[in-house]
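J.:
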Amino acid sequence: MAKYQEQQLKIHNSLSGKKEKFIPINEGHVGMYVCGPTVYSNVHLGNCRTFMSFDMIFRYLKHLDFKVRYVRNITDAGHLEDDADEGEDKIAKKARLEQIEPMEVVQRYTVDFHTILQKFNFLPPSIEPTATGHIIEQIEIIKEILEHGFAYEINGSVYFDVVKFNKTHEYGKLSGRKLEDMISNTRELTAQDEKRNPQDFALWKKAEPQHIMRWPSPWGDGFPGWHLECTAMSTKYLGETFDIHGGGMDLKFPHHECEIAQSEASHGNAPVNYWMHANMLTMNGKKMAKSTGNNILPNEIFSGENEILSKPFAPSVVRFFMMQAHYTSILDLSNEALLASEKGYHRLMDALGLIDGLTASKSSSIDLAAWKQRCYDAMNDDFNTPVLIAVLFEGVKFINQIKEDKEQISETDLMLLSETMNVFVFEVLGLESPAQLNASSDKIGGVVSLLIQLRNEARANKDFATSDKIRDELAALGIQLMDGKEGTTFSII
Ligand code: AMP
Ligand code: ZN
53 MAKYQEQQLK IHNSLSGKKE KFIPINEGHV GMYVCGPTVY SNVHLGNCRT
103 FMSFDMIFRY LKHLDFKVRY VRNITDAGHL EDDADEGEDK IAKKARLEQI
153 EPMEVVQRYT VDFHTILQKF NFLPPSIEPT ATGHIIEQIE IIKEILEHGF
203 AYEINGSVYF DVVKFNKTHE YGKLSGRKLE DMISNTRELT AQDEKRNPQD
253 FALWKKAEPQ HIMRWPSPWG DGFPGWHLEC TAMSTKYLGE TFDIHGGGMD
303 LKFPHHECEI AQSEASHGNA PVNYWMHANM LTMNGKKMAK STGNNILPNE
353 IFSGENEILS KPFAPSVVRF FMMQAHYTSI LDLSNEALLA SEKGYHRLMD
403 ALGLIDGLTA SKSSSIDLAA WKQRCYDAMN DDFNTPVLIA VLFEGVKFIN
453 QIKEDKEQIS ETDLMLLSET MNVFVFEVLG LESPAQLNAS SDKIGGVVSL
503 LIQLRNEARA NKDFATSDKI RDELAALGIQ LMDGKEGTTF SII
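Sequential numbering from 53 applies to the sequence shown in our numbering.
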């Protein structure tokens with residue numbers, strides 16, 4: 053029997069505002085689309101939080117034996133600086149400033165994105181399509197929307213007619229906004245505006261002569277509106293209606309609202325059954341964002357080269373920190389929080405390291421089956437990772453108590469304990485143990501072990517200048533030393 057038949061998963065659906073039983077369209081299969089990054093700069097830790105939430109969700113769905121097609125796109129064109137269809141294309145602007153090709157910008161930051169995600173131990177999505185690879189599909193959708201009368205062409209651009217759409221459909225149902233309120237809260241259109249109403253949004257924009265990212269279309273040379281790419285790629289790979297659509301909370305409006313409108317206006321169906329939104333990572337209480345400068349890059353955390361944190365932190369520690377909050381809660385990054393997570397992470401890893409050395413008894417004094425089910429209950433309850441981690445720490449307590457002969461465990465239960473801890477820690481939460489990381493290279497491992505030995509000698513001689521130098525220089529190279537009960541271990545990041 054597949055695990056999803058034994059476990060009833062519930063998902064908080066942003067569309068209904070309720071936790072709902074998860075019933076996929078095709079039994080045993082899940083189609084999931086997540087809006088990917090706009091590759092014009094290095095991903096900051098805030099971006100990573102959203103993608104990590106969906107990596108965890110992908111992992112748990114797979115663990116439940118669902119066959120998941122996970123599509124996460126790369127936005128490599130069409131995302132303008134301003135959500136109201138104004139300003140330069142973010143990628144074209146970067147290309148202009150650096151005097152390189154837009155596709156060089158795209159390549160550089162796509163590689164950075166993948167490198168960072170790999171350090172965080174993400175699973176790759178099933179398909180990672182790009183906006184520029186789907187211009188034809190986007191043009192086809194615009195033609196359909198025009199045919200159905202929900203868009204209009206003006207001076208080589210095409211706009212979605214929100215007011216007309218709202219007469220027969222409900223624009224604003226995802227974000228809970230009412231079109232009338234939006235209209236009364238926005239400025240009047242000026243004579244230069246091409247839009248009929250300020251709420252209308254671009255499906256296709258005419259490219260001015262200086263605009264370098266351009267494609268031919270029935271309306272002249274231009275480029276697609278940002279919202280359209282996700283409609284085109286999700287429909288192509290997952291169908292007109294699919295199971296799960298995710299993204300950060302900040303994408304609910306206008307991006308996802310516009311996706312719903314585009315789908316309903318082109319093929320008549322609601323595109324998504326379960327809308328999921330991950331909450332924001334903040335720093336000093338404010339949203340982490342590229343535009344305000346209130347952000348930190350993952351590599352700055354791994355190397356310790358930043359002015360915010362007192363020391364470097366390994367990717368798995370940062371991942372553990374993220375998993376300690378529910379994906380729908382705001383999470384604030386601070387030095388104290390990361391130090392606490394690091395302690396917790398090591399406590400968990402130390403306990404896992406003890407399991408193999410435990411001795412089994414004739415019978416168990418603990419109800420392991422009930423504990424295992426509580427791990428599932430936590431995840432079935434809208435992927436509640438903080439509750440899961442609390443239950444896993446009960447497992448840590450069992451391990452320590454069994455070691456101290458305060459509790460007994462049977463042979464079968466010991467296997468169950470080991471398997472359940474490993475499955476949830478490594479497979480579902482996606483953490484890596486220091487030992488797994490150490491195994492990444494024998495030669496480097498040998499050299500680092502030698503340096504650890506020299507550092508220990510320096511410390512024993514109270515030569516802290518040398519011992520700190522070894523730690524810091526290794527950190528700058530991406531090798532983090534971690535002092536624990538069992539001695540010093542390291543991770544290569
Ligand atoms: P962008 O590259 O700007 O399109 O953003 C990529 C993803 O990162 C989107 O899903 C955003 O919602 C998400 N995101 C941006 N800032 C944050 C943040 N501070 N915390 C969590 N997610 C964020
Ligand atoms: Zn999107």
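All C-beta atoms, glycine included, are put in the ideal place defined by N, C-alpha and C.
#1: Any heavy atom of the ligand AMP closer than 7 Å to the CB of Pro-89?
#2: Anyone know if the C-beta pair for Ser-362 and Asn-331 falls short of 8 Å?
#3: What do you reckon, are the CB atoms on Pro-89 and Ile-187 nearer than 8 Å?
#4: Going by C-alpha distance, which of Asp-245, Gly-224 and Pro-250 is nearest Ser-236?
#5: Which two residues bound the contiguous alpha helix (DSSP H) that contains Asp-524?
#6: Using C-beta distances below 7 Å, list every residue in its chain close to Lys-495, excluding the 5 sequence neighbours before and after it, in chain order.
#7: Are the beta-carbon atoms belonging to Lys-171 and Pro-350 less than 8 Å from one another?
#8: Can you give the beta carbon distance from Ile-197 to Gln-314, rounded, assuming they're within the 8 Å contact cut?
#9: According to DSSP, Val-82 sits in a beta bridge with which residue or residues?
#10: Would you give the residue range spanned by the beta strand (DSSP E) that Glu-205 belongs to?
#11: Given this structure, state the Cα-to-Cα distance separating Arg-511 from Thr-540, to the nearest angstrom.
#12: Would you check if the distance between the CB atom of Arg-124 and the CB atom of Glu-180 is smaller than 8 Å?
#13: Starting from Leu-333, trace the beta strand (DSSP E) in both directions and tell me its first and last residue.
#14: Can you give, in chain order, each stretch of the beta strand (DSSP E) that sits fully within the region 371 to 454 and has at least 3 residues?
#15: Met-401 to Lys-55, Cα distance in whole Å?
#16: Over what stretch of residues does the beta strand (DSSP E) that includes Asn-249 continue unbroken?
#17: Per DSSP, which one or two residues make a beta bridge with Phe-217?
#18: Exposed or buried, Ile-206, counting other C-beta atoms within 10 Å across all chains shown (16 or more means buried)?
#19: Buried or exposed: which applies to Leu-420, given that a residue is buried once 16 or more other Cβ atoms fall within 10 Å of its Cβ?
#20: Between His-263, Asp-213, Gly-405 and Tyr-122, which has its C-alpha nearest Lys-145's C-alpha?
#21: Following the continuous beta strand (DSSP E) through Lys-70, name the residue where it begins and the one where it ends.
#22: Return the first residue and the last residue of the alpha helix (DSSP H) that Asp-457 is part of.
#23: Given a threshold of 16 other Cβ atoms within 10 Å of its Cβ, counted over all protein chains shown, does Ile-461 qualify as buried or as exposed?
#24: At the level of alpha carbons, what is the spacing between Leu-506 and Phe-516?
#25: Between the region 333 to 344 and the region 441 to 454, do at least 3 Cβ pairs fall closer than 8 Å?
#26: Look at the alpha carbon of Phe-174 and the alpha carbon of Asn-508, and state the distance between them as a whole number of angstroms.
#27: Does the Cβ-Cβ distance between Met-104 and Arg-266 come in under 8 Å?
#28: In its own chain, which residues sit with a C-beta less than 6 Å from the C-beta of Arg-426, not counting the 5 before and 5 after it?
#29: What is the DSSP secondary structure of Asn-65, reduced to helix, strand or coil?
#30: Looking at the structure shown, is Glu-341 part of a helix, part of a strand, or coil, going by DSSP?
#31: What would DSSP say about Ala-259, mapped onto helix, strand or coil?
#32: To the nearest angstrom, report how far apart Met-375 and Asp-384 are at their CA atoms.
#33: Pick out whichever of Glu-138, Leu-67, Ile-143 and Glu-72 has its Cα sitting closest to the Cα of Asn-94.
#34: Based on DSSP bridge pairs, tell me the residues matched to Pro-276.
#35: Determine the burial state of Gly-498: buried for a count of at least 16 other Cβ atoms within 10 Å of its Cβ, exposed for fewer.
T.: Reading from the atomic positions:
#1: yes
#2: no
#3: no
#4: Pro-250
#5: 516 to 528
#6: none
#7: yes
#8: 7 Å
#9: Val-120
#10: 203 to 206
#11: 12 Å
#12: yes
#13: 333 to 335
#14: 383 to 385
#15: 26 Å
#16: No beta strand (DSSP E) holds Asn-249; DSSP gives it neither H nor E.
#17: Phe-217 pairs with nothing; no bridge assigned.
#18: exposed
#19: buried
#20: His-263
#21: 70 to 73
#22: Segment: none, Asp-457 is in no alpha helix (DSSP H) and carries neither H nor E.
#23: buried
#24: 12 Å
#25: no
#26: 34 Å
#27: no
#28: Val-443
#29: strand
#30: A small fix is needed here, since residue 341 is Ala in this sequence, not Glu. Coil, per DSSP.
#31: coil
#32: 13 Å
#33: Ile-143
#34: Trp-256
#35: exposed
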